[in-house]
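Structure first, then comments.
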Amino acid sequence: MQAYQSPPCPYCGATWNQPGAQACANCRNPLPPPQPTYAPPGYPQGQQPPQVYGAPNYPPQAYPQQPQYPGPPPGYPGQTGYPAYGPPGYPQQPGAYGPDPGYAPYPAQGQPVAAAGTTFQLFGQTVTLPVALPPVLLQYQERIARGATRLGFGLVAVLVLLVLFVGVIPAVASGQTSSANQTLKTVASHQGKVDAVFTQALTLRASPADPTAAKAQFDKLAKSFNDGVTLVQSDEAALTSIDQRLTVLQWVTPSKSASIAEARHRVAAALNGLKQADQALTAAANEIRVIQPYNEALTDYAKIGVALAKRDLVAAGAPYPDAQQQIELAISYSRAAGMPPQIAKQVSSFSEVLVNTESLVQAIQAKDAAGIKKYTDARNAALTAMGSPAETLPADYELKTFGPIQKVYDAAMKAIKSAS
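In the numbering used here, the protein residues as written are 491 to 910.
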């Protein structure tokens with residue numbers, strides 16, 4: 491007779507718990523409720539009707555019962571947790587029957603087919619390629635690897651290389667060439683937006699006389715320049731990425747070398763125009779970043795001048811902290827890429843104007859005649875320096891600087907459209 495065994499405890503695996511026990515006798519953790527079993531009508535669930543032998547109306551006889559089948563012995567095929575039986579040398583299967591692991595299963599109905607990947611399993615090693623492999627190749631990679639044990643690594647390696655270099659990579663190269671052409675068309679479609687930003691950059695310093703209106707215009711220009719730089723840099727990144735893939739494919743796909751070279755030539759021309767546009771619009775964006783706080787500091791200085799004219803020394807000193815903060819911000823931006831040296835010099839001189847003006851206000855309050863003369867002369871000298879050619883940009887600076895760059899960009903976009 492086989493001793494009673496309860497279902498194993500899910501925590502410690504004990505199998506000697508009494509029927510109906512709610513907690514494990516070993517680890518004291520709660521046990522799951524017993525699974526319901528089938529019983530004929532009239533019998534409670536979980537109980538089996540007694541086996542009674544004899545004719546109707548006769549008392550039940552206690553005949554000896556056949557021992558119950560204790561279940562398959564350990565290691566029997568199909569028993570959960572044990573390997574299936576197989577002849578010596580035969581590959582073990584996960585069960586008595588099962589799919590051939592060398593064949594990829596069909597996807598379930600309604601389920602998407604496996605997407606293309608960039609890795610391939612070969613001889614127990616994961617090979618990463620610079621291009622995406624089609625799903626059909628990934629589907630049979632296990633079968634190819636299994637065949638390596640039967641046909642020999644050398645032959646299988648040759649077969650895999652033939653599949654890659656004759657069937658797969660040329661098709662991938664054609665797809666990447668088409669992708670390059672589509673990316674070029676998308677880049678060229680952005681020309682109108684980029685040219686509109688160039689138009690604003692050519693006259694970015696032409697501002698209204700009213701300080702409030704000038705601030706609104708500079709804020710609008712700053713957003714426009716930043717958006718333009720983002721768009722151009724996004725186009726650069728897309729073309730750079732496709733060119734890197736084409737570089738690899740051109741080396742490994744001689745049959746597609748001519749078409750790839752032609753696509754890379756077009757990509758290079760477009761990238762040249764985009765890099766020029768990136769440089770110009772970045773300089774314009776940096777210039778407007780200097781002008782914005784500089785304009786705020788000029789507005790504060792105007793308030794100081796009005797207060798001094800009225801001999802209101804308290805009102806004259808009030809705007810100075812904000813003006814000094816704004817001019818320091820402008821000085822930090824004046825060192826950015828593409829900034830002409832005149833801007834940095836003029837902003838620095840205006841900082842001296844503010845400092846000497848603040849000192850002048852304090853000298854007036856102290857009735858210090860020598861100090862009044864000293865700081866007045868220093869302020870006037872800084873104002874004179876701000877108007878000198880060394881610190882003043884020509885009125886047509888942006889036109890002469892950004893105009894030729896825009897022509898290079900437009901020529902590159904025109905070349906893309908004419909080749910489409």
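Beta carbons are placed, not taken as given, at the ideal position from N, Cα and C, and that holds for glycine.
If you run the structure through DSSP and keep just helix, strand and coil, what is P520? strand
Please classify K907: is it buried, with 16 or more other beta-carbons within 10 angstroms of its beta-carbon, or exposed? exposed
Would you mind stating whether A760 and L736 have Cβ atoms separated by less than 8 angstroms? no
Taking the C-alpha atoms as reference points, what is the distance between S838 and P831? 11 angstroms
Proximity winner among E848, Q836, E842, I862, relative to E881 (alpha-carbon distances): Q836
Tell me, which residues are paired with A513 by DSSP? P520
Three Cβ pairs or more, each shorter than 8 angstroms: is that satisfied between the segment 722-741 and the segment 697-713? no
Between the alpha carbons of T673 and F892, how many angstroms are there, rounded? 26 angstroms
So, at 7 angstroms on beta carbons, what are the nonlocal neighbours of Q723 in its own chain, with the 5 sequence-adjacent residues on each side left out? D768
Using only the alpha-carbon positions, how far apart do D685 and A727 sit? 19 angstroms
Quick check: A670 and L739, are their CB atoms within less than 8 angstroms of each other? no
Looking at the unbroken alpha helix (DSSP H) that takes in R874, where does it start and where does it end? In the sequence as displayed, the identity of residue 874 is Thr instead of Arg. Unbroken alpha helix (DSSP H) run through T874: 859-876.
When the Cα atoms are used, what is the spatial distance from T702 to A820? 18 angstroms
From this set, P811, Q815, R756, which residue's C-alpha is nearest T730's C-alpha? R756
Identify whether N671 lies in helix, strand or coil by the three-state DSSP scheme. helix
In angstroms, rounded to a whole number, what distance separates the CA positions of R869 and K890? 33 angstroms
Quick one: what's got a C-beta closer than 8 angstroms to A834's C-beta in the same chain, skipping five residues either side? I821, S824, R825
Can you round the beta-carbon distance between G763 and A901 to whole angstroms, since I take them to be within the 8 angstroms contact cut? 7 angstroms
Under the three-state reduction of DSSP, which class applies to P744: helix, strand or coil? helix
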